[in-house]
Amino acid sequence: MGQIKILIVDDDPDITEAMKIVLENQGYIVDNAIDSSEGLERIKASMPDLIILDVMMNTLSEGFLLSRELRKNPEYKNIPILMVTSVKQQTGIDFETAAGDETWLPVDGFLNKPVKPEVLLEKVKSLLHES
Amino acid sequence: MEPLLHSTSLVQRAYWLVRLRWIAIAVLGIATFTASKIFHVSLPAQKLYLMAGVLILYNFLLFDLLNYFTWGGKSPSHKTISRIITFQISADLFILTVILHYSGGIENPFFLYFVFHMIIASILLTPWQSYLQATLALLLFGLTVLLEYQGTIPHYKLTGFIRHELYCDSLFVFVTFGVLSTTLYLVVYMTTSISAQLRERQEDYEIANFQLKEKDRLKNEYVLRLTHDIRGHLAAIISCLNIVSDRIVGQLNEKQADLVERASRRTSKCMAFVTALLKLTRMKISGHVDMSYFPLKNVFFDTIAAVENKAAAKSIDLNYEIEPSIDEVYGEPILIEESITNMLLNAIKYTPEKGEVSLFAKDKGDHILIQVCDTGMGIPVNEINKIFNEFFRASNARKVERDGTGLGLSIVKQITEMHGGKIWAENNPTGGSTFSFTLPKTSAKYNTN
């Protein structure tokens, strides 16, 4: 599975690094971006097989907006998106049940930060249909 | 100067006047009957009963008028309700004067009842309106007394009660009326002064209350920001620690593993605390919940399922019972579930092995009572009122579990209050404690702000 590419879009360099190590340790090729515009550039440049997306970056809902934008684009709409955020505690939104709602939260999976390595891997594998 | 009461309480007072009037009508009827039938005082009883009849009709009309202005939860303007009250008091003064005229005029000691009207006016109206009412009372009554004195209108004698004809004794009339005048003005003066003091104090309280709420709001927003930031850092720390403790980046020697384990444990506890504080603060700021009807039974199943492993680990007997009449309750199911789970986890934590924890739902008519009983250590009596305070932890609980957030029960309290319910704790006579909260059956508008 050496050639699977994962893009992490998160503005927290430490969390990005931690996830990167976990994923690279499993043989994935991991790229990262610090906001949605850089994320979009990377997506265009390298077509990742999975995107791990944070919600709150420069703005409170940047991740939501990026996920909706990707879903609108026929080229990228099939890339699975895993949303990883700590936003639940602040907004009270029940992301676990909202994830998958195509208009509202068009992502394929949701995890709450901090994510345990084994949980992250399990989720990534299931989204890539590896498990 | 503003009147003492706000519109809503003024409306209540307008209804209060209507209720007082029913009593006055009863007093009029009984007094007329007693005087004429028992003490055989000569009275134009029929006219007085007629007045009572007029009063009854008038009171019904006022009641309808008030209902009209408050129909469907409407709140009439301050001006409208103040006018209704002014009208009521003026009309009452007129009616009292007519009744007094038919029952002996100045010879009837019931003229003292003008004092009641002055007190009511001074409480409900502005001072100058109250002085005007006093003047109106004196004008009406003075005119009646004068006309009776002059013989322009008849005087109804209270034969059997008054032995001498006093209404035409100029000195008696002058002194009595003078005393009444000073009494009424003094009553208005004293009552309005007291009202003014109360009003000032009320305004002070309102300002203080507003400032407190504002400070509380600022505090909550501050805490929200702070906890959210801290949570972000903690998430990063935990993410990095997890990688080390999971040996993803290489093996650790025993000492390193131990230190990383300690750091992880402390960070997780800090995370639990910050998460709870964030949750509590968020609820306080939003102040409202979207409520719906949901079956309580499902929530009970889920909460029991969520905690049964913990209970089993301590061989604690966990059981629950819902009264059959309870089906759906009104609230926010996720929050209610969280409340019950928190209470159950608390009970399990502080109940020794092989103890018992029970969850009940009882139908109490207008509300549902939810209780968690345990056979645990109980709550020290002097701490029972503080148990729901934020960050408070009972002294005996601290001994059993050193690290606790002190926020679990505060969250339960906050959730209960957002639902318009009450929460309390008590020690069982046989040992252990019972935590109870109520859920109103009707939709309760509730605002914690």
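Protein sequences, first through last, are from chains A and B.
Residues 45 to 175 (our numbering) make up the first sequence, in order.
Residues 308 to 756 (our numbering) make up the second sequence, in order.
Virtual Cβ for every residue (Gly too), placed ideally from N, Cα, C.
Of the listed residues the options, nearest to residue i (C-alpha basis)
i         : options                                    : result
A:Val-151 : A:Gln-70, A:Glu-174, A:Arg-115             : A:Arg-115
B:Ser-500 : B:Ile-469, B:Thr-712, B:Thr-433            : B:Thr-433
B:Thr-723 : B:Val-567, B:Leu-625, B:Ile-675            : B:Ile-675
A:Thr-129 : B:Leu-505, B:Phe-607, B:Arg-538, B:Arg-572 : B:Arg-538
B:Phe-366 : B:Ser-389, B:Leu-324, B:Ser-349, B:Leu-407 : Going by the sequence as given, residue 366 of chain B is Asn instead of Phe. Comparing Cα positions, the closest option is B:Leu-324.
B:Ser-646 : B:Asn-734, B:Asn-616, B:Lys-669, B:Val-679 : B:Val-679
B:Leu-373 : B:Ala-321, B:Glu-507, B:Asp-609            : B:Ala-321
B:Asp-673 : B:Lys-748, B:Val-422, B:Leu-548, B:Ser-702 : B:Lys-748
A:Val-168 : A:Leu-67, A:Ile-59, A:Asp-55, A:Thr-60     : A:Leu-67
B:His-385 : B:Gln-509, B:Val-318, B:Pro-416, B:Leu-447 : B:Val-318
B:Gln-395 : B:Gln-457, B:Ile-730, B:Leu-362, B:Trp-435 : B:Leu-362
B:Ser-717 : B:Lys-586, B:Val-495, B:Asp-609, B:Asp-511 : B:Lys-586
B:Pro-640 : B:Gly-683, B:Arg-700, B:Pro-659, B:His-726 : B:His-726
B:Gly-683 : B:Phe-481, B:Glu-521, B:Lys-621            : B:Lys-621
B:Phe-468 : B:Val-596, B:His-347, B:Ala-613            : B:His-347
B:Phe-695 : B:Cys-547, B:Met-650, B:Asn-560, B:His-595 : B:Met-650
CA-to-CA distance, residue j to residue i, given in whole angstroms
i         : j         : result
B:Leu-419 : B:Thr-377 : 33 Å
A:Gln-134 : B:Tyr-529 : With a pLDDT of 45 at A:Gln-134, under the threshold of 50, the predicted position of this residue should be treated as unreliable, and no value is reported.
B:Ala-543 : B:Tyr-627 : 40 Å
B:Asp-758 : B:Glu-663 : Outside the shown range of chain B, which is 308 to 756, sits residue 758 of chain B, and nothing can be said about it.
A:Ile-103 : A:Ser-170 : Here residue 103 of chain A turns out to be Thr, not Ile, going by the sequence shown. Each residue's Cα considered, the two are about 29 Å apart.
A:Gly-136 : B:Val-567 : Note that A:Gly-136 scores 49 on pLDDT, short of 50, meaning its location in the model is unreliable and no value can be drawn from it.
A:Tyr-74  : B:Cys-577 : Going by the sequence as given, residue 74 of chain A is Val instead of Tyr. Straight-line Cα distance between these residues: approximately 30 Å.
B:Arg-589 : B:Leu-531 : 7 Å
B:Lys-669 : A:Pro-57  : 52 Å
B:Tyr-657 : B:Gly-711 : 12 Å
A:Pro-245 : A:Leu-172 : Given a span of 45 to 175 for chain A in the structure shown, any question on residue 245 of chain A remains unanswerable.
A:Ile-48  : A:Leu-109 : 25 Å
B:Glu-708 : B:Thr-741 : 19 Å
B:Asn-616 : B:Glu-733 : 26 Å
B:Lys-693 : B:Ile-730 : 12 Å
B:Thr-498 : B:Ile-402 : 23 Å
B:Thr-404 : B:Leu-447 : 7 Å
B:Glu-697 : B:Gln-563 : 36 Å
B:Ser-349 : B:Leu-493 : 34 Å
A:Tyr-72  : B:Ser-593 : 42 Å
B:Val-334 : B:Phe-340 : 10 Å
B:Phe-517 : B:Leu-505 : 18 Å
B:Val-636 : B:Ile-643 : 10 Å
B:Ser-410 : B:His-471 : 15 Å
A:Ile-95  : B:Ser-571 : 28 Å
B:Gly-738 : B:Thr-648 : 22 Å
B:Arg-524 : B:Lys-591 : 9 Å
B:Arg-700 : B:Lys-706 : 10 Å
Residues of its chain near residue i, where Cβ-Cβ distance is below 8 Å and the 5 sequence neighbours each way are ignored
i         : result
A:Gly-107 : Val-53, Ser-80, Leu-97, Asp-98, Val-99, Met-100, Met-101, Met-127, Thr-129
A:Lys-64  : Ile-52, Val-74, Asn-76
B:Val-495 : Met-425, Ala-428, Ser-429, Pro-434, Ser-437, Tyr-438, Gln-440, Ala-441
B:Val-556 : Ile-550
Contact set for residue i: own chain, Cβ-Cβ below 7 Å, skip 5 residues either direction
i         : result
B:Leu-584 : Val-530, Thr-534, Leu-714
B:Asp-633 : The question names Asp, but residue 633 of chain B in the sequence shown is Ile. The answer, listed in chain order, is Leu-603, Ala-668, Asp-670, Ile-675.
B:Ser-702 : Pro-687, Glu-690
A:Leu-165 : Val-66, Gln-70
B:Gly-449 : Phe-484
B:Asn-415 : Leu-407, Leu-465
B:Gly-685 : Asn-734, Gly-738, Gly-739, Ser-740
Contact set for residue i: own chain, Cβ-Cβ below 6 Å, skip 5 residues either direction
i         : result
B:Glu-455 : Gly-412, His-462, Tyr-474
B:Gly-336 : Ala-359
B:Phe-370 : Val-325
B:Ala-654 : Val-664, Val-679, Asp-681
B:Ile-677 : Ala-668, Phe-744
A:Thr-60  : Ile-52, Asp-54, Asn-76
Contact with chain C by residue i, beta-carbon distance below 8 Å
i         : result
B:Gly-638 : No chain C appears in this structure, whose protein chains are A and B.
Next on the checklist: Taking beta-carbon pairs under 8 Å, can you tell me which members of the stretch 57–77 of chain A lie near chain B?
Outcome noted: Asp-58, Ile-59, Glu-61, Ala-62, Met-63, Ile-65, Val-66, Asn-69
Next on the checklist: Using a Cβ-Cβ cutoff of 7 Å, what residues of the stretch 543–556 of chain B are near chain A? List them in chain order.
Outcome noted: Ala-543, Ile-545, Ser-546, Cys-547, Asn-549, Ile-550, Asp-553, Ile-555, Val-556
Item to check | Near-chain A residues of the stretch 717–745 of chain B - C-beta to any C-beta below 9 Å | outcome: none
Checklist entry - Looking at C-beta atoms only, is the number of pairs between the stretch 435–446 of chain B and the stretch 318–332 of chain B that lie closer than 8 Å three or more? => result no
Checklist entry - When you check each C-beta in the stretch 156–169 of chain A against every C-beta of chain B, which residues fall closer than 8 Å? => result Lys-157, Pro-158, Val-159, Lys-160, Pro-161, Glu-162
Next on the checklist: Tell me which residues of the stretch 577–608 of chain B have at least one Cβ-Cβ distance to chain A shorter than 9 Å, keeping chain order.
Outcome noted: Met-578, Val-581, Thr-582, Leu-585, Lys-586, Arg-589, Met-590, Ser-593
Next on the checklist: Residues of the stretch 86–107 of chain A in Cβ contact with chain B at a cutoff of 7 Å, in chain order, please.
Outcome noted: none
Checklist entry - Name the residues in the stretch 118–130 of chain A whose C-beta lies less than 9 Å from a C-beta of chain B; which are they? => result Ser-130
Next on the checklist: Under 7 Å, CB to CB, which of the residues in the stretch 685–704 of chain B have a partner in chain A?
Outcome noted: none
Item to check | Contacting positions in the stretch 524–539 of chain B - beta carbon closer than 9 Å to chain A | outcome: Leu-531, Thr-534, His-535, Arg-538, Gly-539
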